[in-house]
Amino acid sequence: MIVNDELVNKVKSSFNLNTYEARIWLALLSKGVATAGELADLADIPRSRAYDVLESLEKKGFVVMKLGKPIKYLAIPPSEVVERVRKRYEEVVNRKVSELEKLKDSPLVGELDSIHKSGAASIDISEKSGALRGQQNIISHLETMLKEAEKQVNIVTTELSFVRDAIVLKPVFMELKERNVTVRIITPIKDENAKYVQELLNYVEIYDAADFRGRIVTIDSEEVMMMLFDEKEIMSSMDVAVWLYAPALAKFLDQLIQTIVPSLPTGQKALIDKKLI
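The numbers in numbering that gives the first Met the number 0 rise by one with no breaks, and the one at position 243 of the sequence shown is 242.
Laid out in structure tokens, this is it:
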């Protein structure tokens, strides 16, 4: 059997295997059942490595060792392997999440927070800025900014980003409403985000931006986050945002938004007028 390098690479990345594991598993799939020596020859790997590779695959749930002599190995159906891998990942993730939840209120994090606060106190406010790459990093930093808001938040966003924000940030918006922080969102209201507009109307002010496209956030007329690209034009991992502590710019943007808002339909009116509810 000639193992296709492209297929080997796909299997490695998809199932988190090393090269020898991927080659041995592919060889076993092609045979159904085989000895370690046969698989080493088929996969073109050293025979001295075959047993430890198969032992690793057995622990991961990819193969089963048959009883008897000579020892043979049986391939697990790939669909079953996918399910096993999924469950294993879920167990790992759930365990890590549980550990992090416990760590959040631990003395260690309290000590680290104290160190951070002492360091942050010495930072010049002009240095409170940075570039954020990737949508996950951007949304995580935005969540942090929102949690620290005390008075008002203005968000100008696109319909696609609104859906993502609504899913991830809804609990934060609920918390801000409880703290009497005003949140105003301006976004194009269309069929793809109408459901989420309805859900958030109980917690934030929403206005229809029609065909206007842009992504800007201001917090308490002090901080600004500006996304540099339209997310339709780039991969999520390539998205870039600039975060600035810039009161003059933030105040200007807030005044501009305040001037524009009266001319925009409210979210509820837009949903009705466009027959989206």
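Just so it is clear, CB atoms sit at the ideal spot from N, CA and C, and this is done for glycine as well.
When you measure from the CB of Leu38 to every non-hydrogen atom of the ligand ZN, does any distance come out below 7 Å?
Absence of the ligand ZN is noted for the structure shown, with no ligands found whatsoever.
What do you reckon, are the CB atoms on Leu175 and Val167 nearer than 8 Å?
The sequence position of residue 175 within the sequence shown is 176, counting from 1. The sequence position of residue 167 within the sequence shown is 168, counting from 1. Contact: no.
Starting from the Cα of Lys268, find the closest Cα among Gln135, Leu248, Pro76, Leu200 and give me that residue.
As a working mapping, residue 268 is identified with position 269 in the sequence shown. Checking every option, the nearest Cα to that of Lys268 belongs to Leu200.
Tell me which residue opens and which closes the beta strand (DSSP E) that Tyr206 is part of.
Position 207 of the sequence shown, counting from 1, holds the residue named residue 206. Tyr206 -> beta strand (DSSP E) spans 204-207.
Rounded C-beta distance between Val196 and Leu141? I'm assuming under 8 Å.
Residue mapping note: residue 196 aligns to position 197 of the sequence shown, counting from 1. Residue mapping note: residue 141 aligns to position 142 of the sequence shown, counting from 1. Val196 to Leu141, Cβ: 19 Å. No contact.
Does the contact criterion of 3 or more C-beta pairs under 8 Å hold for the segment 53-69 versus the segment 9-24?
Contact between the segment 53-69 and the segment 9-24 is present, because at least three Cβ pairs lie under 8 Å.
Unbroken beta strand (DSSP E) run spanning Asn153, endpoints:
To locate residue 153, count along the sequence shown from 1; it is residue 154. It spans 151-155 - the beta strand (DSSP E) in which Asn153 sits, taken as one unbroken run.
Please name the residue, chosen from Tyr206, Leu159, Tyr244, that lies closest to Met224 on a Cα-to-Cα basis.
Numbered from its first residue, the sequence shown carries residue 224 at position 225. Of the listed residues, the one whose Cα sits closest to Met224 is Tyr244.
State buried or exposed for Asn153, treating a residue as buried only when at least 16 other CB atoms are found within 10 Å of its CB.
Taking the sequence shown and counting its residues from 1, one reaches residue 153 at position 154. When all chains shown are included, Asn153 counts as buried.
Mapping the DSSP letters down to three states, classify Glu230 as helix, strand or coil.
What you label residue 230 is simply residue 231 of the sequence shown in a count that begins at 1. Here Glu230 sits in coil by DSSP.
Residues bridged to Ala42 by DSSP?
As a working mapping, residue 42 is identified with position 43 in the sequence shown. Beta-bridge pairing links Ala42 to no other residue.
Quick one: give me the first and last residue of the alpha helix (DSSP H) that Thr181 is part of.
What you label residue 181 is simply residue 182 of the sequence shown in a count that begins at 1. Not the alpha helix (DSSP H): Thr181 falls in the beta strand (DSSP E), residues 181-186.
Let me check understanding here. Comparing Cα to Cα, which of Ser220, Arg212, Asp164 lies closest to Val180?
As a first step, residue 180 must be located in the sequence shown, where it is residue number 181. Residue Ser220 is the option with its Cα nearest to Val180.
Determine the contact status of Leu6 and Ala74, defining contact as a CB-CB distance below 8 Å.
Position 7 of the sequence shown, counting from 1, holds the residue named residue 6. Position 75 of the sequence shown, counting from 1, holds the residue named residue 74. No, the Cβ-Cβ distance between Leu6 and Ala74 is not below 8 Å.
Please state whether the Cβ-Cβ distance between Ala240 and Leu131 is less than 8 Å.
Position 241 of the sequence shown, counted from the start, is the residue given in the question as residue 240. Position 132 of the sequence shown, counted from the start, is the residue given in the question as residue 131. In contact: Ala240 and Leu131 (Cβ atoms closer than 8 Å).
Using the C-alpha atoms, what's the distance from Arg46 back to Lys65?
Here residue 65 refers to the residue found at position 66 of the sequence shown. Here residue 46 refers to the residue found at position 47 of the sequence shown. Cα to Cα, the separation comes out at about 19 Å.
For Leu227, I'd like the list of residues in its chain whose CB is within less than 6 Å of its CB, leaving aside the five on either flank, ordered along the chain.
Here residue 227 corresponds to residue number 228 of the sequence shown, with the count starting at 1. Answer for Leu227: Val239, listed in chain order.
To the nearest angstrom, how far is it from the Cα of Lys169 to the Cα of Gly31?
Here the question's residue 169 lines up with position 170 in the sequence shown. Here the question's residue 31 lines up with position 32 in the sequence shown. So the alpha carbons of these two residues sit roughly 49 Å apart.
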